[in-house]
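Reading through the structure tokens given below for one structure.
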Amino acid sequence: ASLPKNTEECSNVLTEELIKEIAAYD
Amino acid sequence: DVVNEILQYVIEGDFKGQTYDELAKFVDKFGPRPSGTESLENSIDYMIQLTRDEDINNVVTEEVQVPLWERGEEKITMHEPRHKNIAVLGLGRSVSTPPEGITAEVVVVKSFDELESQEENNIKGKIVLFNAIFTKYGETTVYRTQGATRAAQKGAVASLVRSVAPFSINSPHTGAQNYGENVTKIPTAAITIEDADLINRMYERGEKVVLNIQMQSTYETNKVSRNTLVDYKGIQYPEKLVIVSGHIDSWDVGQGAMDDGGGLFISWAVPVILHRLNLRPKRTIRSIFWTAEELGLIGAYAYEERHRNESDNINFIMESDEGTFAPLGLEVAGSQEARCMIAEILKLFQSINASTLVESDSPGSDIAVLVNTGIPGASLYNANEKYFWFHHTEGDTITVENEHELDLGAAFWTAVAYIIADLSVDIPR
Chain A
1 ASLPKNTEEC SNVLTEELIK EIAAYD
Chain B
1 DVVNEILQYV IEGDFKGQTY DELAKFVDKF GPRPSGTESL ENSIDYMIQL TRDEDINNVV
61 TEEVQVPLWE RGEEKITMHE PRHKNIAVLG LGRSVSTPPE GITAEVVVVK SFDELESQEE
121 NNIKGKIVLF NAIFTKYGET TVYRTQGATR AAQKGAVASL VRSVAPFSIN SPHTGAQNYG
181 ENVTKIPTAA ITIEDADLIN RMYERGEKVV LNIQMQSTYE TNKVSRNTLV DYKGIQYPEK
241 LVIVSGHIDS WDVGQGAMDD GGGLFISWAV PVILHRLNLR PKRTIRSIFW TAEELGLIGA
301 YAYEERHRNE SDNINFIMES DEGTFAPLGL EVAGSQEARC MIAEILKLFQ SINASTLVES
361 DSPGSDIAVL VNTGIPGASL YNANEKYFWF HHTEGDTITV ENEHELDLGA AFWTAVAYII
421 ADLSVDIPR
């Protein structure tokens, strides 16, 4: 089954550093 | 500002409309490209040259043994309760009927359970019509892939399946089927939703329905085709791969523009766009044009076997084989951390409304072979509500495709692949 992901559950999974690195591509 | 640079270049800049134009040239030139045919091999050569014309020369092919199932004359005529011609498309690997055809009474069932509940005497010597209503492709397609085997086990002389589609304008939909071991191989074909409903109504009224089925085909198993691999080398970790892919073969009807010409061309566009923009990620981006998908993911299985000892180097694998309509996001398989990384990347595509992450254990078709070994991957999640209207029919032509939506898809596909290939960390297993 395919379900839309609840991205709130990701808040503690990724480091702040990685989130900033990804955001830098925008 | 890489995402914006790619989006601008493809949607409004010099690449605008090029994915559609190249796809149109390709499908108009070759038409359908079934496994084992010269048309498919010529189309592979064309894609290699098209890539080299872009000054991308890291292109190799890998040979794969594939089958060739060739459709001959096909005709179904209703004899009772009245005369009517029934539109038909035989299913892949179906055997032929005798030249005069098979004339027999029809038994209609809606499910395998209903078939099993029938007395064998009620099936023996008859044609079984599986009139299963479309729910989801994965649920309904079993009647196409396994119907002949299940009907033969009960003594049927032929089987028909209601086309696996939610909508029809009297269009039969072909597709693959496999005969089980130790069963009599009986001819099998798809008929239209309209004719399946007609026969079903007559049957439920207690009328005797008699059909004559004439089908001719040939089947060879020793042809050679090729997977095509285009590598856009990474500058820091060239051995690590982010794969984008679509399949180049198609059924023998329509042009295979939607299935899977669109997926093929947005994957071809990834290294082309990056090369033109002089964007070079840390890891290698490999575009794969799978061969012989339609008869059972044959190219993908061959690739997995050949590259099994290098599979640790695949960081992420992507495939588009469910339409290239407006991109909405990705359907992703992987660990929680992998999915969260992809979700974070998708946030960068809010401007084109392509930020949705859908979770799936087994996205895609060809890439499922690799995803099932634990490699994280994703298929293109797109506005494909009408995909199965055209799937495996004469209607699968370039007319189904939309120039702007292909631009959005090519831009999205390229930017996502670039970011994953360029991040400082791998997508975790």
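Residue numbers (the working numbering), protein chains in the order written: chain A, 1 to 26; chain B, 1 to 429. By construction, the Cβ of each residue, glycine as well, lies at the ideal position given by its N, Cα and C atoms. Predicted model only: the values in this text are computed from it and were never measured.
Backbone secondary structure at residue i - three-state DSSP
{"i": "lysine 25 of chain B", "result": "helix"}
{"i": "valine 253 of chain B", "result": "coil"}
{"i": "isoleucine 431 of chain B", "result": "Outside the shown range of chain B, which is 1 to 429, sits residue 431 of chain B, and nothing can be said about it."}
{"i": "glutamate 105 of chain B", "result": "strand"}
{"i": "asparagine 85 of chain B", "result": "strand"}
{"i": "arginine 71 of chain B", "result": "strand"}
{"i": "threonine 15 of chain A", "result": "coil"}
{"i": "lysine 223 of chain B", "result": "strand"}
{"i": "isoleucine 56 of chain B", "result": "coil"}
{"i": "phenylalanine 112 of chain B", "result": "helix"}
{"i": "phenylalanine 412 of chain B", "result": "helix"}
{"i": "threonine 97 of chain B", "result": "coil"}
{"i": "glutamine 65 of chain B", "result": "strand"}
{"i": "arginine 205 of chain B", "result": "coil"}
{"i": "alanine 434 of chain B", "result": "Chain B is shown from 1 up to 429; residue 434 of chain B falls before or after that span and cannot be answered."}
{"i": "arginine 150 of chain B", "result": "helix"}
Nearest-angstrom Cβ-Cβ length linking residue i and residue j, presumed shorter than 8 Å
{"i": "proline 172 of chain B", "j": "leucine 229 of chain B", "result": "Incorrect: roughly 35 Å between the Cβ atoms, too far for contact."}
{"i": "alanine 415 of chain B", "j": "valine 3 of chain B", "result": "5 Å"}
{"i": "alanine 190 of chain B", "j": "arginine 144 of chain B", "result": "7 Å"}
{"i": "valine 210 of chain B", "j": "histidine 83 of chain B", "result": "Actually they do not touch by this definition, with Cβ atoms about 11 Å apart."}
{"i": "isoleucine 285 of chain B", "j": "tyrosine 9 of chain B", "result": "So it is not a contact: roughly 16 Å between Cβ atoms."}
{"i": "methionine 215 of chain B", "j": "valine 400 of chain B", "result": "With a Cβ gap of about 27 Å, methionine 215 of chain B and valine 400 of chain B do not count as contacting."}
Below-9 Å beta-carbon distance, residue i vs any chain B residue
{"i": "glutamate 21 of chain A", "result": "yes"}
{"i": "glutamate 9 of chain A", "result": "yes"}
Inter-residue Cα distance where the pair is residue i and residue j
{"i": "alanine 148 of chain B", "j": "aspartate 260 of chain B", "result": "26 Å"}
{"i": "threonine 291 of chain B", "j": "proline 34 of chain B", "result": "9 Å"}
{"i": "leucine 160 of chain B", "j": "phenylalanine 130 of chain B", "result": "6 Å"}
{"i": "isoleucine 420 of chain B", "j": "valine 244 of chain B", "result": "11 Å"}
{"i": "leucine 406 of chain B", "j": "phenylalanine 15 of chain B", "result": "11 Å"}
{"i": "proline 271 of chain B", "j": "valine 59 of chain B", "result": "11 Å"}
{"i": "asparagine 309 of chain B", "j": "leucine 40 of chain B", "result": "29 Å"}
{"i": "valine 106 of chain B", "j": "isoleucine 76 of chain B", "result": "12 Å"}
{"i": "serine 217 of chain B", "j": "asparagine 12 of chain A", "result": "58 Å"}
{"i": "aspartate 366 of chain B", "j": "glycine 36 of chain B", "result": "18 Å"}
{"i": "leucine 43 of chain B", "j": "lysine 154 of chain B", "result": "In the sequence as presented, leucine is not what sits at residue 43 of chain B; that position holds serine. Spanning the two alpha carbons is a distance of roughly 42 Å."}
{"i": "glutamate 21 of chain A", "j": "phenylalanine 265 of chain B", "result": "29 Å"}
{"i": "glutamate 359 of chain B", "j": "isoleucine 342 of chain B", "result": "11 Å"}
{"i": "proline 166 of chain B", "j": "threonine 192 of chain B", "result": "11 Å"}
{"i": "valine 108 of chain B", "j": "isoleucine 169 of chain B", "result": "22 Å"}
{"i": "glycine 92 of chain B", "j": "glycine 175 of chain B", "result": "6 Å"}
{"i": "aspartate 1 of chain B", "j": "tyrosine 25 of chain A", "result": "5 Å"}
{"i": "glutamate 220 of chain B", "j": "glycine 395 of chain B", "result": "27 Å"}
{"i": "glutamate 22 of chain B", "j": "glycine 262 of chain B", "result": "10 Å"}
{"i": "isoleucine 314 of chain B", "j": "glutamate 204 of chain B", "result": "54 Å"}
Minimum Cβ-Cβ distance from residue i to chain A less than 9 Å
{"i": "valine 244 of chain B", "result": "no"}
{"i": "arginine 339 of chain B", "result": "yes"}
{"i": "leucine 40 of chain B", "result": "no"}
{"i": "asparagine 4 of chain B", "result": "yes"}
{"i": "tyrosine 344 of chain B", "result": "Residue identity check: residue 344 of chain B is glutamate in the sequence provided, not tyrosine. Closer than 9 Å: yes."}
{"i": "aspartate 422 of chain B", "result": "yes"}
{"i": "leucine 274 of chain B", "result": "no"}
{"i": "isoleucine 367 of chain B", "result": "no"}
{"i": "glutamine 255 of chain B", "result": "no"}
{"i": "aspartate 259 of chain B", "result": "no"}
{"i": "aspartate 1 of chain B", "result": "yes"}
{"i": "isoleucine 419 of chain B", "result": "yes"}
{"i": "leucine 211 of chain B", "result": "no"}
Could you tell me which uninterrupted beta strand (DSSP E) segments, each at least 3 residues in length, are contained entirely in the stretch 335–389 of chain B, listed from first to last along the chain?
356–359 and 377–382
Any beta strand (DSSP E) of 3 or more consecutive residues that is wholly inside the stretch 243–302 of chain B
283–290
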